[in-house]
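Protein sequences, first through last, are from chains A and B. The first sequence begins at 1 in this note's numbering and counts up by one. The second sequence begins at 1001 in this note's numbering and counts up by one. Quick reminder that beta carbons are idealized off the backbone N, C-alpha and C, glycines included. Here the structure is a predicted model, which means the values were calculated and not measured. A quick write-up on the structure given underneath.
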Amino acid sequence: DAGVIQSPRHEVTEMGQEVTLRCKPISGHNSLFWYRQTMMRGLELLIYFNNNVPIDDSGMPEDRFSAKMPNASFSTLKIQPSEPRDSAVYFCASSLYRDAGELFFGEGSRLTVL
Amino acid sequence: SQQGEEDPQALSIQEGENATMNCSYKTSINNLQWYRQNSGRGLVHLILIRSNEREKHSGRLRVTLDTSKKSSSLLITASRAADTASYFCAGTGANSKLTFGKGITLSVRP
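Have a look at this one:
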């Protein structure tokens, strides 16, 4: 298996633009997580899905952020409009079980908002 | 709530020495996991220890868990330059969410 695949790896955009980050989890995994990593705040859980259904989105910073999982093999995290403080590395991770056994992380999407 | 605060924040050792990293957490957990992150890469799972376990080994890794003190330690024996990375602990609480600490930066000098 290729592991968790994220795209794009790097994104540079201007404030106010829409950003869409994509994730393909490992086939057969039932849970998918979106994390954000910054130097100041470390790794923050934004949202997680189980069987394509959002279970907990309490970590989503504000209404500018939205996440979808239309099927078991694809998820998106959208920021609209983007702001400079959204600059971070966004990680997608998947796991076989909902109760957070081992997480398999993608390589991340580094977002810079100018 | 923070389910993982690592100590020290940074550690520098000579190749061949042992590295000990500590983690504390605040609320009850079902399990605690340790992850490694190389610069510019995603996190990689190292080891998971359940709340009813006290010690676990995997290769050069040894993890202990003390639920009474709400703490865990990760020992890497006979360190290598390739062990240079950031290490994170993460606890799974009753809400099933895995919450990470801010990590420990380990530098192993050749």
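Rounded Cβ spacing between G1113(B) and F91(A) (contact assumed at less than 8 Å): Absent from the structure is residue 1113(B), since the part of chain B shown begins at 1001 and ends at 1110.
Start-to-end residues for the beta strand (DSSP E) that takes in Y97(A): The residue you call residue 97(A) lines up with position 97 of the first sequence. Taken as a continuous stretch (DSSP letters only), Y97(A) belongs to no beta strand (DSSP E), as it is neither H nor E.
Cα-Cα separation between E18(A) and Q6(A), rounded to whole angstroms: Reading the first sequence from its first residue, position 18 is the one you call residue 18(A). Reading the first sequence from its first residue, position 6 is the one you call residue 6(A). Answer to the nearest angstrom: the Cα atoms are 17 Å apart.
Contact with chain A by L1032(B), beta-carbon distance below 7 Å: As a first step, residue 1032(B) is located in the second sequence; it is residue number 32 there, counting from the start. No, L1032(B) lies away from the interface with chain A (no Cβ there is under 7 Å from its Cβ).
Simplified DSSP assignment, three categories, for P81(A): Taking the first sequence and counting its residues from 1, one reaches residue 81(A) at position 81. Here P81(A) sits in coil by DSSP.
Rounded Cβ spacing between D63(A) and I47(A) (contact assumed at less than 8 Å): Along the first sequence, one-based indexing puts residue 63(A) at 63. Along the first sequence, one-based indexing puts residue 47(A) at 47. Not really, about 13 Å apart at Cβ, beyond 8 Å.
Under 7 Å by beta carbon: chain B residues contacting L103(A): Reading the first sequence from its first residue, position 103 is the one you call residue 103(A). Residues of chain B passing the Cβ test: H1045 and L1098.
Any non-hydrogen atom of the ligand ZN within 6 Å of W1034(B) CB: Absence of the ligand ZN is noted for the structure shown, with no ligands found whatsoever.
Helix, strand or coil at D56(A) [DSSP, three-state]: On the first sequence, residue 56(A) is found 56 positions in, with the first residue counted as 1. Strand at D56(A).
Given L1046(B) as reference, the closest of K1102(B), P1110(B) and S1086(B) once Cα atoms are compared: The residue given as residue 1046(B) occupies position 46 in the second sequence. Ranking K1102(B), P1110(B) and S1086(B) by Cα distance to L1046(B) puts S1086(B) first.
Interface partners of G1042(B) on chain A, CB under 7 Å: In the second sequence, residue 1042(B) corresponds to position 42, counting from 1. By Cβ distance, chain A contributes F91, F105, G106, E107 and G108.
Residues of its chain near N50(A), where Cβ-Cβ distance is below 7 Å and the 5 sequence neighbours each way are ignored: The residue given as residue 50(A) occupies position 50 in the first sequence. Around N50(A): N30, S31 and R98.
Residues of the stretch 1053–1085 of chain B whose Cβ lies closer than 9 Å to any Cβ of chain A, in chain order: none
Beta bridge counterpart(s) of E1006(B) as assigned by DSSP: Here residue 1006(B) corresponds to residue number 6 of the second sequence, with the count starting at 1. C1023(B).
Contact with chain A by K1026(B), beta-carbon distance below 7 Å: Translated into positions along the second sequence, residue 1026(B) becomes position 26. False, the Cβ-Cβ gap to chain A never drops below 7 Å.
Test: G42(A) CB closer than 7 Å to a CB of chain B: To locate residue 42(A), count along the first sequence from 1; it is residue 42. Cβ-Cβ to chain B under 7 Å: yes for G42(A).
Within-7 Å CB hit, L45(A) to chain B: If you number the first sequence from 1, residue 45(A) lands on position 45. Judged by the 7 Å Cβ criterion, L45(A) is in contact with chain B.
Given 8 Å, three or more beta-carbon pairs between the stretch 1020–1029 of chain B and the stretch 1090–1103 of chain B: yes
Residue from G28(A), L21(A) and T13(A) whose Cα sits closest to the Cα of Y35(A): Within the first sequence, residue 35(A) is the residue found at index 35, counting from 1. Residue L21(A) is the option with its Cα nearest to Y35(A).
S1001(B), DSSP secondary structure in three states: Taking the first residue of the second sequence as 1, we reach residue 1001(B) at position 1. Note on S1001(B): pLDDT 41, under 50, position unreliable in the model; no value is reported.
Secondary structure of D63(A), DSSP reduced to three states: By one-based count along the first sequence, residue 63(A) stands at place 63. D63(A): coil per DSSP, three-state reduction.
Simplified DSSP state of A1082(B), which is helix, strand or coil: Working through the second sequence from its first residue, we reach residue 1082(B) at position 82. Helix.
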